[in-house]
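*Asks:* What follows is a single structure, and I will ask about it in a moment.
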Amino acid sequence: MILDFSWLILSYLLGSIPFGYLIAKRRGVDVLKVGTRQIGGTNVFRNVGKWPGVLTGLLDISKGFAAVWGAQILGLGPEVQVFGGLAAIAGHNWSCYLKFRGGRGIATFFGAAFALNPLITLYSLIPLIVIGFFWHSTPATLLTFLVAISLSIVYKIDFLTLFFSLALVLILIIRLTGKTQEIKFPSSKTQIIFNRLIFDRPPGVKPSPRPVRNLFRAGPTGK
0 MILDFSWLIL
10 SYLLGSIPFG
20 YLIAKRRGVD
30 VLKVGTRQIG
40 GTNVFRNVGK
50 WPGVLTGLLD
60 ISKGFAAVWG
70 AQILGLGPEV
80 QVFGGLAAIA
90 GHNWSCYLKF
100 RGGRGIATFF
110 GAAFALNPLI
120 TLYSLIPLIV
130 IGFFWHSTPA
140 TLLTFLVAIS
150 LSIVYKIDFL
160 TLFFSLALVL
170 ILIIRLTGKT
180 QEIKFPSSKT
190 QIIFNRLIFD
200 RPPGVKPSPR
210 PVRNLFRAGP
220 TGK
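Here you go:
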């Protein structure tokens with residue numbers, strides 16, 4: 000019991016390591032003040048650079064993977080593995096090192112999910128890759144969670160993956176709709192949730208233009 004509880008605390012502290020914030024700071028950028036004001040790889044990619052963003056994403060994935068894989072190595076029960084992954088995601092989203100600010104925990108989720116069930120995770124990545132490539136990553140992420148949940152139910156593969164996905168959806172909704180400063184906008188609560196959940200932006204903020212990539216044409220878009 001003591002080891003289980005200690006691992007959950009360690010998983011939270013591991014997830015709290017703000018790799019994106021630290022990497023961006025070395026480049027002279029405070030990601031908590033630019034873009035989406037989050038420490039995830041996407042915000043670092045857009046506001047700092049391609050490789051810093053890629054490195055951030057990989058490190059965030061490793062946090063979730065390590066939280067679950069470490070519990071497996073120690074011989075801890077499946078419940079501890081799941082809650083260890085959730086603790087790492089919570090740490091990423093509400094980092095104790097950044098006054099409980101953070102990211103959305105998507106990359107950390109995929110790292111933990113891959114350690115729990117690699118097959119379902121790989122299948123679930125298909126909508127994220129396809130839809131996120133051509134349109135927007137947030138709707139693709141939500142669809143990815145639905146795919147993971149559906150596969151777990153239909154094929155009765157893994158109850159833990161099902162529980163993990165459902166819990167993560169709840170965390171994601173809390174993370175995206177818990178922006179208290181947005182309540183000041185003259186918008187309905189429904190609109191706030193819709194903008195945050197679907198497009199990950201506050202009401203009244205229009206998304207930046209994002210041209211569809213032409214996979215069959217070399218060179219920059221439009222040239």
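For the sequence shown, numbering that gives the first Met the number 0 begins at 0 and goes up steadily by one.
Glycine included, each C-beta is placed from N, C-alpha and C at the ideal position.
Just so you know, these numbers come straight off a predicted model, no measurement behind them.
(1) What distance in whole Å lies between the Cβ atoms of Pro51 and Ala87, which are believed to be in contact at a cut-off of 8 Å?
(2) So what does DSSP say about Arg100, is it helix, strand or coil?
(3) Beta-carbon within less than 6 Å of Gly104's beta-carbon, same chain only, minus the 5 sequence neighbours each way: which residues are those?
(4) Give me the Cα-Cα distance between Val211 and Gly48, rounded to the nearest whole angstrom.
(5) Pull up the distance between the alpha-carbon of Leu58 and that of Arg26, whole angstroms please.
(6) Quick one: measure Cβ to Cβ for Leu97 and Pro17, integer angstroms, because I've assumed they're closer than 8 Å.
(7) Residues in its own chain within less than 6 Å of Ala114 by CB, not counting five upstream and five downstream?
(8) Using the Cα positions of Leu169 and Cys95, report the straight-line distance between them to the nearest angstrom.
(9) What do you get for Lys32, buried or exposed, if any count of 16 or more other CB atoms within 10 angstroms of its CB means buried?
(10) Taking the beta carbon of Gly19 as the centre, do at least 16 other beta carbons fall within 10 Å, making it buried, or is it exposed?
(11) Could you tell me which residues DSSP pairs with Ser94 in its beta bridges?
(12) For a quick check, are the C-beta atoms of Gly83 and Leu7 less than 9 Å apart?
(13) Quick one: grab the DSSP three-state call for Lys49.
(14) Can you tell me which of Leu165, Ile125, Gly14 puts its alpha carbon nearest to the alpha carbon of Ser61?
(15) State the start and end residues of the unbroken alpha helix (DSSP H) segment that holds Leu2.
(16) Can you tell me whether Ser10 is buried or exposed, with buried defined as 16 or more other CB within 10 angstroms of its CB?
(17) The alpha helix (DSSP H) with Leu21 in it runs from where to where?
(18) Just tell me which of Phe99, Gln80, Gly101 has its CA closest to the CA of Gly110.
(19) My understanding is that Thr143 touches Leu124, with C-beta atoms under 8 Å, so please give their C-beta distance in whole angstroms.
(20) Which of the three DSSP states is assigned to Val43 in this structure?
(21) In terms of residue numbering, what span does the alpha helix (DSSP H) encompassing Thr107 cover?
(22) Quick one: grab the DSSP three-state call for Ile38.
(23) How long is the line joining the alpha carbons of Arg45 and Met0, rounded to whole angstroms?
*Replies:* Looking at the atomic coordinates:
(1) Actually they are not in contact, since the Cβ atoms of Ala87 and Pro51 sit about 21 Å apart, beyond 8 Å.
(2) In the three-state scheme derived from DSSP, where H, G and I count as helix and E and B as strand, Arg100 is classed as strand.
(3) Contacts found: Ile88, His91, Asn92.
(4) Caution applies to Val211, whose pLDDT of 38 falls short of 50 and renders its modelled position unreliable; the value that the coordinates give is listed next. When only Cα atoms are considered, Val211 and Gly48 end up about 20 Å apart.
(5) Distance from the CA atom of Leu58 to the CA atom of Arg26, rounded to whole angstroms, is 17 Å.
(6) In this structure Leu97 touches Pro17 by the C-beta definition: roughly 5 Å separates them, less than 8 Å.
(7) Beyond the five residues adjoining it in sequence on each side, Ala114 comes within less than 6 Å, by CB distance, of Phe64, Val67, Trp68 in the same chain, given in chain order.
(8) Distance from the CA atom of Leu169 to the CA atom of Cys95, rounded to whole angstroms, is 20 Å.
(9) So Lys32 counts as exposed.
(10) By the Cβ neighbour-count rule, Gly19 is buried, with 16 or more other Cβ atoms within 10 Å of its own.
(11) The partner list for Ser94 (beta bridge, DSSP) reads Arg100.
(12) With respect to Leu7, Gly83 sits close: the two C-beta atoms are nearer than 9 Å.
(13) Three-state DSSP puts Lys49 in a helix.
(14) Out of Leu165, Ile125, Gly14, Gly14 has the C-alpha closest to the C-alpha of Ser61.
(15) In the DSSP assignment, Leu2 falls within the unbroken alpha helix (DSSP H) covering 1 to 15.
(16) By the 10 Å Cβ count, Ser10 comes out buried.
(17) Looking at the DSSP string, the run of the alpha helix (DSSP H) that includes Leu21 is 18 to 25.
(18) With distances taken between Cα atoms, Gly110 lies closest to Gln80.
(19) About 7 Å separates the beta carbon of Thr143 from that of Leu124, a gap short enough to meet the 8 Å contact definition.
(20) Reduced to three states, the DSSP call for Val43 is helix.
(21) Bounds of the alpha helix (DSSP H) holding Thr107 are 105 to 115.
(22) Of the three classes helix, strand and coil, the one that applies to Ile38 here is coil, per DSSP.
(23) Straight-line spacing of the CA atoms in Arg45 and Met0 works out to 43 Å.
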